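Q: Mind looking over this structure? Questions follow.
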Amino acid sequence: PRRASPTHSPFVTGPSTGPSPPDRTRTSPAMQTTACARVASAPASAARRSSQRLGKATALARVATRARAADNAQVKTQTTQSRESRAEGRPVYSPDSYQDICFHAYQSVADGLADGLQLMEIEFPAVPGEDASYKAASDVYIDLNIQYALTVFSKIYKETGKTCELLVPDGPEYRRAKKVFANSLELSEGCVLNTLDGQKTESVTSFIGNVFGGKGLRTREEETEDEGFGNADLFCVVNLSCVDLPVVESFVNTKLDGRPLVFLNNELDTLRADLGLFSFPEKDLHYRFLSKIKPVYYLRTRAYSRTINVSPFVINYSGAIFREYPAPWQVMVKQNTGELVCVAEDEDRFTLGEAKEEMLIALGLADEDGSTMQFLRSGYKTNTWWEEECDQEKFDDWRT
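Under the numbering used here, the first residue of the sequence shown carries the number -19, and numbering increases by one thereafter.
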């Protein structure tokens, strides 16, 4: 039999430095037996390799499953810790941008939805700067509120799968918003635009009837609806005026069907102050309806000045009433760095007078209790009519 050299494999035919066998076309019985054994063992080897690959794939799948489960558990733990930490309130609050504010508002709304709240309020300065109200920049205010709503509730849809209808007061505002925010509405998943009464267009007959019937140029709830409200999981209403509040109440009583409704940057405190005036709804609207709305994210900034008898004689200070559900109500004082620092907190809402007094105490500028100067500065009446406790008030959700 042929011996293999150290540099030549016995299983490869080729040149060799040893003597050639007498006949290359024939193999020895021993080599035939070895070749047959190799052929017979090939399927078994392939099967073992396939089994090993399947085993490795199964192991990798198990590892990936465990990793996903660990990630989900970690995310759940982080969410729980986030809610627990926010439930204690913020000692310092300094959002870097409106994106942060919208995210914090989303967290509060998500917690409210998890707790089964139906009527919720989000309120924060919509326009950057000192004049952050509707009066200062109405068009900018209206447009920004719609953009904030799209940001918050598209996040709600991504995290919870709940769809939202953004409600504007009437057809003209709907058509304007549909044109201005066409791209944003297309890119915001889970959000669609609608009106409070579902009426988006207005015929000539209804237009003339509204004008001569004393209804103005706006669509009204008794007209024929274009669309219903049967598909959305929750609703968000923006850019209301005081005369729209009875329409919202009717919507809640007849069309909401137990689904949540969020009021976003409607300045409800300002609208409450208009109730009872000539041609406006009565004050009872607050007692029976607005008192049911629970603020889940509330940031109302205020600026004041205080005169003293030494230089610099006038001290300007500012702060905010803050609430981030499920945390308690807090009074914040603004520092020179722009941060809001908590100086007082309570389970019940602070009135504007109480918040101002807490700021003065924290700054060391408060007058002595019961002094003449305190009376002259604050006056006899320190609260608005809707901040006072009243037996007519049927709900206290707006206070807690």
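C-beta: ideal position from N, C-alpha, C; glycine also. Quantities reported herein were computed from a predicted structural model and do not represent experimental measurements.
Ignore the nearest five residues each way along the sequence and tell me which others in residue 378's own chain have a CB closer than 6 Å to its CB.
A: One-based indexing of the sequence shown puts residue 378 at position 398. Only 271 and 273 meet the Cβ criterion.
Q: Sort 304, 267 and 176 by Cα distance to residue 391 and report the nearest one.
A: Past the boundaries of the shown model lies residue 391; the chain is included only from -19 to 380, so the question cannot be answered.
Q: According to DSSP, residue 275 sits in a beta bridge with which residue or residues?
A: To locate residue 275, count along the sequence shown from 1; it is residue 295. Residue 275 is bridged to 101.
Q: Taking the alpha helix (DSSP H) that residue 370 belongs to, which residues open and close that run?
A: Sequence index remark: in the sequence shown, residue 370 carries index 390 (1-based). Unbroken run through residue 370: none, as it is neither H nor E.
Q: Buried or exposed for residue 79, going by 16 or more other Cβ atoms inside 10 Å?
A: Translated into the one-based positions of the sequence shown, residue 79 becomes position 99. Residue 79 is exposed by the Cβ-count criterion.
Q: Less than 8 Å between the beta carbons of residue 282 and residue 295, yes or no?
A: Residue mapping note: residue 282 aligns to position 302 of the sequence shown, counting from 1. Residue mapping note: residue 295 aligns to position 315 of the sequence shown, counting from 1. Going by C-beta atoms, residue 282 is not nearer than 8 Å to residue 295.
Q: Does the beta-carbon of residue 370 have 16 or more other beta-carbons within 10 angstroms, so that it is buried, or is it exposed?
A: Taking the first residue of the sequence shown as position 1, residue 370 is located at position 390. Flag for residue 370 reads exposed.
Q: What three-state label does DSSP hand residue 145 in the structure shown?
A: Indexing the sequence shown from 1 puts residue 145 at position 165. In this structure, residue 145 counts as strand in the three-state DSSP scheme.
Q: Spatial neighbours of residue 169 within its chain, please: CB distance less than 8 Å, with the 5 preceding and 5 following residues excluded, ordered by chain position.
A: The residue labelled residue 169 in the question sits at position 189 within the sequence shown. Answer for residue 169: 134, 137 and 138, listed in chain order.
Q: Whose C-beta lies closer than 6 Å to the C-beta of residue 100 among residues of the same chain, with five residues either side of it excluded?
A: Locating residue 100 in the sequence shown gives position 120, where the first residue counts as 1. Excluding residues within five positions, the ones whose Cβ falls inside 6 Å are 92, 242, 274 and 276.
Q: Flag this pair as yes or no: are the beta carbons of residue 301 and residue 269 separated by less than 8 Å?
A: In the sequence shown, counting from the first residue as 1, residue 301 sits at position 321. In the sequence shown, counting from the first residue as 1, residue 269 sits at position 289. No, they are not a contact pair.
Q: Return the residue from the list 375, 306 and 355 that minimises the CA-CA distance to residue 95.
A: By 1-based counting over the sequence shown, the position of residue 95 is 115. For the residues 375, 306 and 355, the minimum Cα distance to residue 95 belongs to 306.
Q: DSSP has residue 171 in a bridge; who is on the other side?
A: In the sequence shown, the residue the question calls residue 171 occupies position 191. 144, per the DSSP bridge assignment.
Q: Just list the alpha helix (DSSP H) runs in the stretch 262 to 307, keeping only unbroken ones of 4 residues or longer that don't cross its boundaries, in chain order.
A: For the stretch 262 to 307, whole alpha helix (DSSP H) runs of length 4 or above, ordered along the chain, are 264 to 268.
Q: First and last residue of the beta strand (DSSP E) that includes residue 314?
A: Here residue 314 is taken as the residue at index 334 of the sequence shown, counted from 1. Segment 309 to 314, the beta strand (DSSP E) holding residue 314.
Q: Between residue 74 and residue 84, what straight-line distance do the alpha-carbon atoms span, to the nearest angstrom?
A: As a first step, residue 74 is located in the sequence shown; it is residue number 94 there, counting from the start. As a first step, residue 84 is located in the sequence shown; it is residue number 104 there, counting from the start. Taking the straight line joining both Cα atoms gives about 12 Å.
Q: Label residue 355 either buried or exposed according to how many other C-beta atoms from any shown protein chain fall within 10 Å of its C-beta, with 16 as the threshold for buried.
A: Translated into the one-based positions of the sequence shown, residue 355 becomes position 375. Exposed, because fewer than 16 other Cβ atoms sit within 10 Å of the Cβ of residue 355.
Q: Quick one: Cα of residue 142 to Cα of residue 214, how far?
A: For the purposes of this step, residue 142 is taken as the residue at position 162 of the sequence shown. For the purposes of this step, residue 214 is taken as the residue at position 234 of the sequence shown. Looking at the two C-alpha atoms, the distance is approximately 7 Å.
Q: What does the Cβ neighbour count give for residue 56, buried or exposed, with the cut at 16 atoms within 10 Å?
A: What you label residue 56 is simply residue 76 of the sequence shown in a count that begins at 1. Because residue 56 carries a pLDDT of 43, less than 50, the predicted location of this residue cannot be relied on, and the following value inherits that uncertainty. Exposed is the call here.
Q: DSSP on residue 11, reduced to helix/strand/coil?
A: To locate residue 11, count along the sequence shown from 1; it is residue 31. The predicted model places residue 11 with a pLDDT of 45, which falls under 50 and marks its position as unreliable; any figure quoted below should be read in that light. In this structure, residue 11 counts as helix in the three-state DSSP scheme.
Q: Taking the C-alpha atoms as reference points, what is the distance between residue 65 and residue 152?
A: The residue you call residue 65 lines up with position 85 of the sequence shown. The residue you call residue 152 lines up with position 172 of the sequence shown. The straight-line gap from Cα to Cα measures roughly 43 Å.
Q: Just the Cα atoms here: how many angstroms apart are residue 205 and residue 310?
A: As a first step, residue 205 is located in the sequence shown; it is residue number 225 there, counting from the start. As a first step, residue 310 is located in the sequence shown; it is residue number 330 there, counting from the start. For residue 205, the pLDDT reaches just 42, beneath the cut-off of 50, and the residue's location in the model is therefore unreliable, although a value from the coordinates is still provided. For residue 205 and residue 310, the distance between alpha carbons rounds to 43 Å.
Q: Anyone know if the C-beta pair for residue 230 and residue 149 falls short of 8 Å?
A: Taking the sequence shown and counting its residues from 1, the one referred to as residue 230 is at position 250. Taking the sequence shown and counting its residues from 1, the one referred to as residue 149 is at position 169. No, the Cβ-Cβ distance between residue 230 and residue 149 is not below 8 Å.
Q: Taking the alpha carbon of residue 345 as the reference point, which residue from 163, 327, 284 and 316 has its own alpha carbon closest?
A: As a working note, residue 345 is residue 365 in the sequence shown. Cα-wise, what sits closest to residue 345 is 284.
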